[in-house]
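Take the sequence shown: its letters are residues 3 to 210, numbered as in my numbering.
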Amino acid sequence: DILKSREHWLRLMRAVKESEQPLRISSRKGAQGMARIVSQSGVLESEKEAVGLFASWQTTTLEVGSVAPDGRVPRNKFGNIEVWTSRHVPRGAGYIASPFAIAAARKLGVDAVPAVIGFEQNKNSSTFVSRRGMAEAAPMRAIIRGAVVALCNVDAVQEQCALELAEHEKVLRATRKDELRALWRSLLRAALAREHVMSRYGRTDYEK
């Protein structure tokens with residue numbers, strides 16, 4: 003029987019039973035700053051850590067849950083859902099990959115759960131000082147992309163996402179125009195200042 007970590011079993015739609023202890027402890031190393039796919043069930047706190055390995059008989063079928071009659075989507079204790087495959091999406095729910103999914107759902111007043119698609123080390127804080135006063139690698143942070151909503155709300159949320167995207171692009175274009183105007187004003191002021199200096203003092207030795 004091949005031994006696997008908790009997160010590997012999760013990706014295979016298996017969950018380690020709460021009462022089970024690892025049959026073997028292994029170490030895992032990862033390149034600093036590179037994303038790694040892990041699970042919140044196995045807390046990753048350093049570039050090299052002890053990882054518990056379990057056999058298949060220590061696991062049970064992962065229960066993803068179902069959407070409630072009122073449209074509420076089940077979530078884990080962290081308030082999100084780890085979406086490794088389509089099978090990890092709760093029954094009666096759909097995954098929307100748009101970065102505007104959460105905002106769109108809020109505007110519509112429907113329940114939406116952030117979707118975790120992986121984990122990576124926080125590049126802005128590669129180390130931190132632990133309670134023991136030692137410098138250690140910073141914890142991994144979740145990569146959130148999109149959201150999970152009830153199937154009955156998927157179409158409406160997707161349509162709202164399209165509106166949110168259009169508005170976002172409109173703001174970007176307006177911001178770009180403002181930046182270009184500011185740049186032209188700066189160039190114009192510089193040209194006028196140069197012209198004033200030349201008309202008053204004439205050409206510099208460099209320009210002759």
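For every residue, glycine included, the Cβ atom is placed at its ideal position computed from N, Cα and C.
query = Are the stretch 79-87 and the stretch 112-122 touching, with three or more C-beta to C-beta distances below 8 Å?
reply = Below 8 Å, enough C-beta pairs join the stretch 79-87 and the stretch 112-122 to call them touching: three or more.
message = On the criterion of 16 or more Cβ atoms from any shown chain inside 10 Å, does residue 23 qualify as buried, or is it exposed?
response = Taking the first residue of the sequence shown as position 1, residue 23 is located at position 21. Classification for residue 23: exposed.
request  = Taking only the alpha-carbon atoms, compute the straight-line gap between residue 152 and residue 146 and give it to the nearest angstrom.
outcome  = Taking the sequence shown and counting its residues from 1, one reaches residue 152 at position 150. Taking the sequence shown and counting its residues from 1, one reaches residue 146 at position 144. Residue 152 and residue 146: Cα-Cα distance of roughly 18 Å.
inquiry  = Looking only at its chain, what residues have a beta carbon closer than 7 Å to the beta carbon of residue 26, apart from the 5 residues adjacent to it on each side?
reply    = Numbered from 1 along the sequence shown, position 24 holds the residue referred to as residue 26. Within the same chain, and ignoring the five residues on either side of residue 26 in sequence, the residues whose Cβ sits closer than 7 Å to its Cβ are 5 and 55.
message = I'd like the ranges of any alpha helix (DSSP H) spanning at least 4 consecutive residues and lying wholly in the stretch 51-117.
response = The alpha helix (DSSP H) runs of length 4 or more contained entirely in the stretch 51-117 are, from start to end of the chain, 103-110.
key: Collapsed DSSP secondary structure at residue 1 in the structure displayed   = The structure shown has nothing for residue 1, since the chain only spans 3 to 210.
query = How big is the Cα-Cα spacing for residue 13 and residue 172?
reply = Translated into the one-based positions of the sequence shown, residue 13 becomes position 11. Translated into the one-based positions of the sequence shown, residue 172 becomes position 170. The alpha-carbon atoms of residue 13 and residue 172 are separated by roughly 39 Å.
query = Among all the DSSP beta bridges, which residues are the ones paired with residue 188?
reply = Position 186 of the sequence shown, counted from the first residue, corresponds to residue 188. None; residue 188 has no bridge partner.
task = Would you mind working out which of 156, 88 and 77 sits nearest residue 111, comparing C-alpha positions?
result = On the sequence shown, residue 111 is found 109 positions in, with the first residue counted as 1. It is 156 whose Cα lies nearest to the Cα of residue 111.
query = What is the rounded straight-line gap between the Cα of residue 161 and the Cα of residue 21?
reply = Taking the sequence shown and counting its residues from 1, the one referred to as residue 161 is at position 159. Taking the sequence shown and counting its residues from 1, the one referred to as residue 21 is at position 19. Going from the Cα of residue 161 to the Cα of residue 21 covers about 45 Å.
ask   = To the nearest whole angstrom, what separates the beta carbons of residue 69 and residue 114, a pair I think is in contact under 8 Å?
value = Along the sequence shown, one-based indexing puts residue 69 at 67. Along the sequence shown, one-based indexing puts residue 114 at 112. Contact doesn't hold; Cβ gap of about 12 Å is too wide.
query = What are the partner residues of residue 26, as DSSP defines its beta bridges?
reply = Position 24 of the sequence shown holds residue 26. Under the DSSP definition of a beta bridge, residue 26 partners with 55.
key: Classification of residue 196 by the beta-carbon crowding that lies within 10 angstroms, buried from 16 upward   = For this step, residue 196 is matched to residue 194 along the sequence shown. Residue 196 should be labelled exposed.
task = Could you tell me whether any Cβ in chain C is nearer than 8 Å to the Cβ of residue 65?
result = No chain C is part of this structure, which consists of one protein chain only.
message = So, with DSSP's three-state summary, where would you put residue 19?
response = On the sequence shown, position 17 is the one that residue 19 refers to. Note: residue 19 maps to coil in three-state DSSP.
request  = Please go through the same chain and pick out, in chain order, the residues whose beta-carbon is closer than 7 Å to the beta-carbon of residue 104, but skip the five residues on each side of it.
outcome  = Along the sequence shown, read from residue 1 onward, the residue named residue 104 stands at position 102. Scanning its chain for C-beta atoms nearer than 7 Å, with the 5 sequence neighbours on each side dropped, one finds around residue 104 the residues 114, 116 and 149, in chain order.
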